[in-house]
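Convert by adding 150 to the 1-based position in the sequence shown; the result is the number in this note's numbering. Since the structure comes first, as structure tokens, the remarks are kept for the end.
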Amino acid sequence: MSDYVKSAFQNLGRKRVRTVLTILGIAIGVASVVMIGNISQCGTNALSNELESLGLSGLTISSSSDTAAPVSLNEDDLSIIKRCDQVEQAAPVMVESTDISARKLSSKALVWGIDTNASQIISINLLYGRLFNSEDISTGANVCLVDEAFSKSTYMRSNIIGKTVSIMSGGVEENYKVIGIIKTGSGLLQNMIGNYIPTFVYVPYTTVQATSGRNDFDQIVVKVKSGGNVESIGKTIVDTLNRDNGTADAFVSNNLAKQKDSLTNMLGIVTLILSAVGSVSLLVASLSIMTVMLVSVNERTREIGIKKAIGAKQSSIMLEFMFEAVLISLIGCVCGIAAGYVISFAGAEYFGVELSTRADIMMIAVEFSLASGTVFGVYPAYKASRLKPVDALRQE
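Listed below in structure tokens is the structure:
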């Protein structure tokens with residue numbers, strides 16, 4: 151075995167430029183598939199973190215708009231939900247699209263009205279300051295939490311605790327004191343399309359009710375106890391609310407975790423499709439192996455004739471050329487994996503995300519490359535082994 155490997159290295163070294171170009175073709179194909187897998191995994195993880203940071207990882211209850219007389223969610227409904235089995239936490243949420251300004255700089259904003267326990271249900275990563283307390287909620291205080299991006303864009307620093315911002319709510323512009331700075335998600339979307347993402351502002355839900363003249367909620371977010379079936383619990387909550395309100399189909403539950411899983415599954419399918427497209431380059435590179443090996447057979451016809459004349463077996467000749475084809479594929483795979491990971495790491499560092507790898511796609515690329523290199527090396531090896539010594543020695 152070692153003789154075959156040594157012979158393969160020596161024969162490939164005869165035509166270094168041709169060998170390097172063939173290896174480069176394999177390496178590019180493997181690197182492209184590895185990068186597609188790694189990039190898709192990074193994107194999937196970052197998107198999942200972003201969705202979770204927006205609270206899109208649990209259960210929400212809202213009133214249905216399909217009924218003739220829509221019913222609004224209120225404090226009584228919140229109490230009913232909190233008493234349901236398998237419900238760990240429940241909090242009201244109000245959402246309003248509006249404008250926020252500070253130091254004469256204005257931007258679009260999503261104002262979220264939340265309770266003191268909302269941070270236990272949705273992901274709010276507090277960087278500076280504090281969250282809302284019971285006094286803020288009971289008094290409907292004009293206090294807010296803003297995201298770090300807004301803080302930096304207005305005051306050129308990440309910590310603007312104690313500063314005042316103006317928020318348009320209910321057609322009236324009011325001043326709010328900043329008591330906390332938050333960071334939303336992994337920051338990937340903010341880095342790539344930050345100009346299109348509105349500023350996230352959190353205020354006490356009672357403050358939103360006071361400014362808008364409402365006493366109901368847009369939604370109630372629910373945290374299910376560990377091990378609970380979100381779908382069945384959501385149905386139980388909806389049935390309970392309908393029964394207590396004397397209605398039918400007036401409330402709906404949304405399993406946002408399921409929607410998030412559907413989105414990530416769709417991204418997985420896209421990854422597989424892109425990987426399949428990338429594998430086409432591997433197929434083309436493998437064809438180049440056949441071409442190189444056929445040329446090598448023609449160039450070494452007399453050498454093959456001499457070996458057979460002194461007693462070399464057909465199997466020995468065939469294995470010699472097969473090892474050369476496999477060696478080209480193997481070296482190309484190693485170089486491709488290394489290049490793919492280096493480029494993936496550089497991209498992850500540039501966008502500020504953690505590098506995530508897809509070992510399954512990498513293994514498929516390696517297996518496909520080695521298998522195709524071996525398959526396309528069979529015919530040249532077989533052709534070399536079938537040469538007759540007399541005919542081979544006659545070749546010039």
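Heads up, the beta-carbon is just placed ideally off N, CA and C, and yes, glycines get one too.
Helix, strand or coil at residue i [DSSP, three-state]
i           : result
residue 394 : helix
residue 330 : strand
residue 310 : coil
residue 325 : strand
residue 485 : helix
residue 215 : coil
residue 275 : strand
residue 258 : strand
residue 462 : coil
residue 339 : Only weak support is given to the placement of residue 339: the predicted model assigns it a pLDDT of 41, under 50, and the value that follows is read from those uncertain coordinates. Helix.
residue 238 : strand
residue 437 : helix
residue 291 : coil
residue 227 : helix
residue 507 : coil
residue 304 : helix
residue 282 : coil
Buried versus exposed call for residue i [16 or more other C-beta atoms within 10 Å across all chains shown]
i           : result
residue 317 : buried
residue 401 : buried
residue 226 : exposed
residue 246 : buried
residue 220 : exposed
residue 323 : exposed
residue 509 : exposed
residue 538 : exposed
residue 587 : Residue 587 falls outside the range modelled here, since the chain spans only 151 to 546, and no answer is possible.
residue 492 : exposed
residue 416 : exposed
residue 381 : exposed
residue 265 : buried
residue 314 : exposed
residue 258 : exposed
Straight-line Cα distance separating residue j from residue i
i           : j           : result
residue 327 : residue 352 : 12 Å
residue 476 : residue 435 : 13 Å
residue 484 : residue 428 : 17 Å
residue 408 : residue 348 : 25 Å
residue 385 : residue 412 : 20 Å
residue 186 : residue 502 : 18 Å
residue 184 : residue 504 : 16 Å
residue 488 : residue 169 : 19 Å
residue 285 : residue 383 : 32 Å
residue 374 : residue 292 : 31 Å
residue 387 : residue 270 : 20 Å
residue 310 : residue 276 : 13 Å
residue 287 : residue 268 : 12 Å
residue 515 : residue 424 : 12 Å
residue 452 : residue 152 : 24 Å
Any 3 or more C-beta pairs closer than 8 Å across the segment 247 to 259 and the segment 299 to 306: Enough Cβ pairs lie closer than 8 Å, so yes.
At least 3 beta-carbon pairs within less than 8 Å: the segment 383 to 396 vs the segment 220 to 233: Output reads yes: the segment 220 to 233 touches the segment 383 to 396.
Ordered list of beta strand (DSSP E) runs contained in the segment 352 to 426, each at least 3 residues: Taking only runs of at least 3 residues, the beta strand (DSSP E) segments lying wholly in the segment 352 to 426 are 369 to 374, 401 to 405.
Cβ contact check for the segment 496 to 503 and the segment 523 to 534: 3 or more pairs under 8 Å: Too few Cβ pairs lie closer than 8 Å, so no.
Three or more C-beta pairs below 8 Å linking the segment 184 to 193 and the segment 441 to 449: With the rule of 3 Cβ pairs closer than 8 Å, the segment 184 to 193 does not count as touching the segment 441 to 449.
Inter-stretch contact (C-beta, 8 Å, three-pair minimum) for the segment 455 to 467 and the segment 159 to 169: The segment 455 to 467 makes no contact with the segment 159 to 169: fewer than 3 CB pairs, one atom from each, lie closer than 8 Å.
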